[in-house]
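Each residue of the sequence shown is one higher than the one before, starting from 2 at the first, in our numbering.
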Amino acid sequence: MSQTGNKTEKKSAEEIQNELQTARARSVEQTVREIVDEVRTNGDQGLKKLITGFGDMLIPGFKLSPEQIEAEIAKVSADTKKSIGYAHDNIKAFAEAVMRNARPIKLDHGEFTTGLEFRPVQRVGCYVPGGRYPLPSTALMTTITARVAGVEEIVVATPALCPESIYAASLSGVTEIYILGGAQAVAALALGTESIQKVDMVVGPGNLYVTEAKRQLLGEIGIDMLAGPSEIAVIADDTASARWLALDLVSQAEHGEDARAILLTPSQALADAVKVEIENLATELNENIESLNSQVTLTVLPSIDACIEKCNELAPEHLEIHTDNPDNLKPQLKHYGTILLGSLSTVPYGDYAAGPNHTLPTNKAARFSGALNPFTFLRAQTWLKVNAGASELPISTMALADVEGLRVHKLAAEARLNCPSS
């Protein structure tokens, strides 16, 4: 892992890294464009061709039958069902608390009345990653939140049979489960095929190809966010446990080689101790220390205030505070997906079972967006009803239409000036 103080990386190294990232992004963009075009043009046949070409599991009709769903659920142990149920209840309770704020608004202006109502998206596709690390927690986070928001039709796409993910989705009443992964899954959900009814929105994290497919199809469908590799920033002082910090930093690196973890501390001694603990973890887990070194950065700054300033610049997905006064720091921290206060509050609790959603903005998107929540699935719809005899509203509208040079707008308002009835 790298340690930084006031030093910066060589510009040439940054340029090389940027060039590599740009080339990779272009390659991913082109590959996904071809996948989307194949599904758009050839529907089911194109989808089968892609699935076969990638060596993925091919289910007739792509969809699990009720009998197949029940057979997979039967494979889940009672203990695992209990843990999934515990997480389900906490996630649902949190989403329901958020949903209680989705109240309609009605304002009486005398001459007219205005209002706002929230209406859920009708049909949503939830992408649940599979492969090396199936994520039943994502099935919970996405399907529960959509259901609490009032979404009528919830579809799950996942690249592999994972009994735990299927069970998790079933707790939200999901019966439409497709064994589809990658960009082709997003394309099929967004565009529809002969066998798959198109959705209005796709949510859930995925790899670079999944994210790029969501980006390319945004506009044809709604999405939750363009989630990138997992991130964690930790602010810690010398009261923190080096072992716990190492565990929390490495646990995020565990998500994949692109995941990034950074420690911000004013204590060189703590940074040194964390470095040793990470090396110990690598030995215990038989992990490649060089790989961890590239993912974890230990940064020593002059003060906690400097750590806060740096963290606000990073706008991390996850932010942990390991200091003797975490609550006092919180008001100064402005940009993050989720914040975990105190050394007892580790990211995995939030990732799995505490209740707040783990689908979070990455790559500094926390500056302008937030966690998946019921409002993600709600459309704010406004309404207006004008009463007979209205004069102030038409006169004001006519004046503004004059300013903008829109003559027919003015005529439409003028025709209704002091109108006794419709």
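The beta-carbon is built from N, C-alpha and C at its ideal position, and this holds for glycine as well.
None of the values given here were measured: they were computed from a predicted structure.
- Just so you know, the alpha carbons of LEU181 and PRO160 end up roughly 5 angstroms apart.
- PRO121 has LEU379 as its beta-bridge partners, per DSSP.
- Within the segment 160-213, the runs of beta strand (DSSP E) that reach at least 3 residues and sit entirely inside it are, in chain order, 177-180 and 202-204.
- DSSP places LEU394 inside the alpha helix (DSSP H), whose first and last residues are 393-405.
- With contacts defined by Cβ atoms closer than 8 angstroms, ALA237 and LEU271 form a contacting pair.
- A direct Cα-Cα distance of roughly 52 angstroms separates ALA274 from GLU153.
- For VAL203, the closest alpha carbon among the candidates SER196, ILE263 and ALA140 is that of ALA140.
- Counting only unbroken stretches of 3 or more residues, the beta strand (DSSP E) elements lying wholly within the segment 324-386 are 339-342, in sequence order.
- Taking a C-beta distance under 8 angstroms as the contact criterion, GLN185 and VAL409 do not qualify as a contact pair.
- Secondary structure at LEU264: strand, using DSSP grouped into helix, strand and coil.
- Within the model, the alpha-carbon separation for GLN269 versus ALA96 is close to 41 angstroms.
- With fewer than 16 other beta carbons inside 10 angstroms of its own, ILE106 counts as exposed.
- A distance below 6 angstroms between beta-carbons, with the five flanking residues on each side excluded, links ARG148 to the following residues of its chain, in chain order: SER173.
- Residue environment analysis places MET142 among the buried positions, since at least 16 neighbouring C-beta atoms fall within 10 angstroms of its C-beta.
- Looking at the DSSP output, HIS410 shares a beta bridge with no other residue.
- Distance from the CA of ASP352 to the CA of ILE85, rounded to the nearest whole angstrom, comes to 12 angstroms.
- The alpha-carbon separation between ALA26 and ASN364 amounts to approximately 15 angstroms.
- Annotation: PHE376 to GLU285 spans about 43 angstroms, alpha carbon to alpha carbon.
- Note on geometry: alpha-carbon atoms of LEU342 and ILE52 lie some 44 angstroms from one another.
- Going by DSSP, LEU250 is part of the alpha helix (DSSP H) stretching over 243-254.
- Just measuring C-alpha positions, the residue of ARG244, ALA400, VAL404 and PRO135 sitting nearest LEU345 is ARG244.
- In the DSSP annotation of this structure, the continuous segment of the beta strand (DSSP E) that includes ILE233 starts and ends at 232-237.
- Judged by their CB atoms, PRO267 and SER304 are nearer to each other than the 8 angstroms cut-off.
- Closest in C-alpha terms to GLU35, from the list GLY56, GLN253 and LEU48, comes LEU48.
- DSSP, read as helix, strand or coil, puts PHE95 in helix.
- For TYR128, the secondary structure class from DSSP, reduced to helix, strand or coil, is strand.
- Per DSSP, the unbroken beta strand (DSSP E) holding LYS107 starts and ends at 106-109.
- The beta-bridge partner set that DSSP reports for LEU219 consists of ILE222.
- Rounded to the nearest whole angstrom, the CA to CA distance from SER171 to LEU248 is 32 angstroms.
- Around the beta carbon of PHE119, 16 or more other beta carbons lie within 10 angstroms, which makes this residue buried.
- Setting aside the 5 residues that flank it on each side, GLY223 is surrounded in the same chain by MET202, each with a C-beta closer than 6 angstroms to its C-beta; the list follows chain order.
- In its chain, beyond the 5 residues on either side, ILE236, LEU265 and LEU302 have a beta carbon closer than 6 angstroms to the beta carbon of CYS308.
- For VAL156 against VAL122, the beta-carbon gap comes to about 12 angstroms, at or over 8 angstroms, which does not count as contact.
- Short of 7 angstroms from the beta carbon of GLN217, and not among the five residues preceding or following it, lie these beta carbons of its own chain, in chain order: VAL33, ARG34 and VAL37.
- Its chain contains TYR179 as the residues whose beta carbon lies nearer than 6 angstroms to that of LYS64, once the 5 sequence neighbours on both sides are disregarded; these appear in chain order.
- By the Cβ criterion, the segment 370-387 is in contact with the segment 101-115, since at least three pairs of Cβ atoms, one from each stretch, lie closer than 8 angstroms.
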